[in-house]
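Report on the structure given below.
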Amino acid sequence: MIKAGIIGGAGYTAGELIRLLIHHDEVVIDFIYSTSNAGNAVSDVHQDLLGTTDLVFTNQLNNNVDVLFLCLGHGNSKSFLEKHQFSKNTKIIDLSNDFRLIEYARFRESEFTYGLCEYQKEEIKKATHVANPGCFATAIQLAILPLAAQQLIKEDVHVNAVTGATGAGTSLSPTTHFTWRDNNFSHYKAFTHQHLGEINQTLKQSQQDFNSNVLFVPNRGDFSRGIFATAYTKIDLSLEKIKDLYKDYYKDSPFVFVSDKEVHLKQVVNTNKCLIHLHKHNDILLITSVIDNLLKGASGQAVQNMNLMYDFPEDQGLQLKANFF
Numbered sequence: 028m029i030k031a032g033i034i035g036g037a038g039y040t041a042g043e044l045i046r047l048l049i050h051h052d053e054v055v056i057d058f059i060y061s062t063s064n065a066g067n068a069v070s071d072v073h074q075d076l077l078g079t080t081d082l083v084f085t086n087q088l089n090n091n092v093d094v095l096f097l098c099l100g101h102g103n104s105k106s107f108l109e110k111h112q113f114s115k116n117t118k119i120i121d122l123s124n125d126f127r128l129i130e131y132a133r134f135r136e137s138e139f140t141y142g143l144c145e146y147q148k149e150e151i152k153k154a155t156h157v158a159n160p161g162c163f164a165t166a167i168q169l170a171i172l173p174l175a176a177q178q179l180i181k182e183d184v185h186v187n188a189v190t191g192a193t194g195a196g197t198s199l200s201p202t203t204h205f206t207w208r209d210n211n212f213s214h215y216k217a218f219t220h221q222h223l224g225e226i227n228q229t230l231k232q233s234q235q236d237f238n239s240n241v242l243f244v245p246n247r248g249d250f251s252r253g254i255f256a257t258a259y260t261k262i263d264l265s266l267e268k269i270k271d272l273y274k275d276y277y278k279d280s281p282f283v284f285v286s287d288k289e290v291h292l293k294q295v296v297n298t299n300k301c302l303i304h305l306h307k308h309n310d311i312l313l314i315t316s317v318i319d320n321l322l323k324g325a326s327g328q329a330v331q332n333m334n335l336m337y338d339f340p341e342d343q344g345l346q347l348k349a350n351f352f
């Protein structure tokens, strides 16, 4: 059994991570660090865990823990690591955006590996530090990376994606209140979303002559969780050949499935799956990609990364059923 520590234990991603690790056969949770909740029962904050765990939040650290998950707000992971030193044997998985881009990936003597499992599985297996991808970035990259791998993206890629309210985190803002979200829909950060940096970085690494634009419009939905992303661009290949190259790209990926039927969120919420559907209209290819933003887009992918880093079965602790009805 490996010992896991969680930093920033009160948020949505931490709650899902705790739920997954409690049921993981190879992991024991050593501590859940939260200065604002120290001494409180974890199930008082994450009420879905009542009766599942008697763990208590703490403000004490075990610096020799085997694996450390950073579930902190963006910009806070680096400052936390600068203040706290951990063992050289401690593997670190960061769920923020602090280390995702190459220019920010180095920390002290270590380098954070970008943790999109379907993109660079072998590199993750050798990594000691992993930067977990963003939720939108995961859905969008899984939608278009098979094209980039075959050097097929020659035109701009247009992306429209909607996420649930949990994508905004637990802190309240004017657009997260029920009265604002209910029966409402809006876009935000059009063409400037922070996940574009990692998306463009990975595309450029996959297709060196990539110089097109990813024109991304993110949207807020009036549901709790999930991401429904559509991307379209011009592709000359037939739909049958495109389906073949997608299925081949994901043949060794236990969580990505290419569906011949149209997909929807209820197929993936509460799972670590990504479902992809392909549709051709004349020379335009439409790719639909759906994930759970808190699992495949955050905590589930973090556990998948941990499994790879420790040579556990990639799907261990992640065989989850969708909330279909």
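Residue numbers for the sequence shown, in the numbering used here: 28 to 352. Glycine included, each C-beta is placed from N, C-alpha and C at the ideal position.
Residue of the options minimising C-alpha distance to residue i
| i | options | result |
| --- | --- | --- |
| G253 | V317, D52, H306, P245 | V317 |
| H101 | A158, D271, F351 | A158 |
| G36 | I311, G142, L122 | L122 |
| L292 | D125, F255, F107, H304 | F255 |
| A132 | S104, T219, C144 | S104 |
| A188 | P281, V241, S106, T229 | V241 |
| M28 | A175, K348, E225, D338 | D338 |
| L223 | L172, F243, F237, S239 | F243 |
| E359 | V330, N350, D125, G38 | Any answer about residue 359 is impossible in this case: the structure gives the chain only from 28 up to 352. |
| I33 | L108, T140, D75, L77 | L108 |
| E136 | L128, H156, E145, E149 | H156 |
| N116 | M336, P340, A349 | M336 |
| T219 | V186, N238, F205 | V186 |
| I314 | E138, G66, E150, V184 | V184 |
| I119 | N64, F237, N332 | N332 |
| L77 | I45, V55, T165 | I45 |
| K307 | K268, T298, Q328 | K268 |
| A170 | S286, K148, A258 | A258 |
| R127 | E149, N90, A65, Q228 | Q228 |
| T165 | D319, E150, R208 | D319 |
| F282 | N309, G324, N64 | G324 |
| K216 | G66, T206, F163 | F163 |
| Q177 | F237, N334, V290 | F237 |
| E182 | V55, S239, I129, G142 | S239 |
| N334 | N90, Q112, K148 | K148 |
| I151 | F352, E130, V330 | V330 |
Three-way DSSP call (helix, strand, coil) for residue i in this model
| i | result |
| --- | --- |
| P173 | helix |
| L322 | helix |
| V285 | strand |
| I34 | strand |
| N227 | helix |
| R53 | According to the sequence shown, residue 53 is Glu rather than Arg. In the structure shown, E53 sits in coil (DSSP, three-state: anything other than H, G, I, E or B). |
| E136 | coil |
| A65 | coil |
| F84 | coil |
| I311 | strand |
| T165 | helix |
| T219 | coil |
| Y273 | helix |
| Y141 | strand |
| E109 | helix |
| I45 | helix |
| N334 | helix |
| E150 | helix |
| Q346 | coil |
| I129 | helix |
Inter-residue CB distance, residue i and residue j (contact presumed, cutoff 8 Å)
| i | j | result |
| --- | --- | --- |
| I167 | T260 | Contact flag wrong, Cβ pair sits at about 12 Å. |
| L47 | A31 | Not really, about 10 Å apart at Cβ, beyond 8 Å. |
| F284 | K300 | 7 Å |
| Y273 | I303 | 7 Å |
| V296 | N350 | 5 Å |
| L305 | L264 | Not really, about 11 Å apart at Cβ, beyond 8 Å. |
| T80 | S326 | In fact, because the Cβ distance is near 16 Å, the residues do not count as touching under 8 Å. |
| H204 | N246 | Not a contact, Cβ separation roughly 17 Å. |
| L174 | I262 | 7 Å |
| L321 | E43 | 5 Å |
| L160 | Q328 | The amino acid occupying residue 160 in the given sequence is Pro; Leu does not appear at that position. Yes, they are in contact, since the Cβ atoms of P160 and Q328 sit about 7 Å apart, within 8 Å. |
Bridge partners - residue i, DSSP secondary structure assignment
| i | result |
| --- | --- |
| D121 | L97, A158 |
| H73 | The partner list for H73 (beta bridge, DSSP) is empty, contrary to what the question assumes. |
| A329 | Answer by DSSP bridge pairing: none, since A329 is not bridged. |
| H185 | L242, Y259 |
| H214 | N246 |
| C301 | V283, I318 |
| F58 | G32 |
| T190 | R247, I254 |
| H306 | L313 |
Residue-chain proximity (residue i, chain B), Cβ-Cβ < 8 Å
| i | result |
| --- | --- |
| F134 | Among the chains in the structure shown there is no chain B, since it carries only a single protein chain. |
Determine contact between the segment 224 to 235 and the segment 264 to 281, defined as no fewer than three beta-carbon pairs at a distance below 8 Å.
Touching, no, given that fewer than three Cβ pairs across the two stretches are closer than 8 Å.
Check whether the segment 90 to 106 and the segment 69 to 79 are in contact - that is, three or more C-beta pairs closer than 8 Å.
no
Evaluate the contact criterion for the segment 238 to 257 versus the segment 186 to 194: three or more CB pairs, one atom per stretch, below 8 Å.
A contact exists between the segment 238 to 257 and the segment 186 to 194.
Quick test of the definition: if touching needs 3 or more C-beta pairs under 8 Å, does the segment 76 to 88 touch the segment 51 to 65?
yes
Mind the definition here: the segment 49 to 56 touches the segment 335 to 344 only if three or more C-beta pairs lie below 8 Å; say whether that holds.
yes
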